[in-house]
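Participant: In numbering that gives the first Met the number 0, the protein residues as written are 0 to 113. This is the structure, below, for whatever I ask next.
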Amino acid sequence: MSEHNHVVNKDGEVTLGKVDDALNRIDDERKEEILQSFESFKKYLGERVKLAQSMGMSEETMTQAAEKVGNYLAAKEDPRNREEKLLQELWNAGDQEHRHALAHMLVRLAQKAH
């Protein structure tokens, strides 16, 4: 896959506009594996946060990416468990500021999970 398909390029620059494309490239079996339980979701998110930190990404940039993921999940995926249902309801109830705060909390949750 060429570099132009990645959210982060070889220089460590982030293109948040490519987050949706990256999410759409995850095959259905892998999505199901990630979303099957809240623990597997936290583990996946934790791995991504750890990778982002190792590349020097700021918490704010990770939060912006988490917002993109939250928007994607709320619009395109049905919750697989109670925790995901709660997250979806909180996401949908909030405005942009609330969603940003929730994304920050998810990034921090992922940091503690790893």
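From the three backbone atoms N, C-alpha and C, an ideal C-beta is built for every residue, glycine too. Keep in mind the model is a prediction, meaning the values are calculated, not measured.
I'd like to know if residue 29 contacts chain D, where contact means its C-beta is closer than 7 Å to some C-beta of that chain.
Facilitator: The displayed structure is made up of one protein chain only, and chain D is not part of it.
Participant: Which residue comes first and which comes last in the alpha helix (DSSP H) that contains residue 33?
Facilitator: Residues 27-34.
Participant: Whose CA, out of 48, 76, 51, 38, lies closest to the CA of residue 25?
Facilitator: When only C-alpha atoms are compared, the closest one is 76.
Participant: Measure the CB-CB distance between residue 71 and residue 22 and report whether it falls below 7 Å.
Facilitator: In this structure, residue 22 lies closer than 7 Å to residue 71 by Cβ.
Participant: Looking at the structure shown, is residue 82 part of a helix, part of a strand, or coil, going by DSSP?
Facilitator: Helix.
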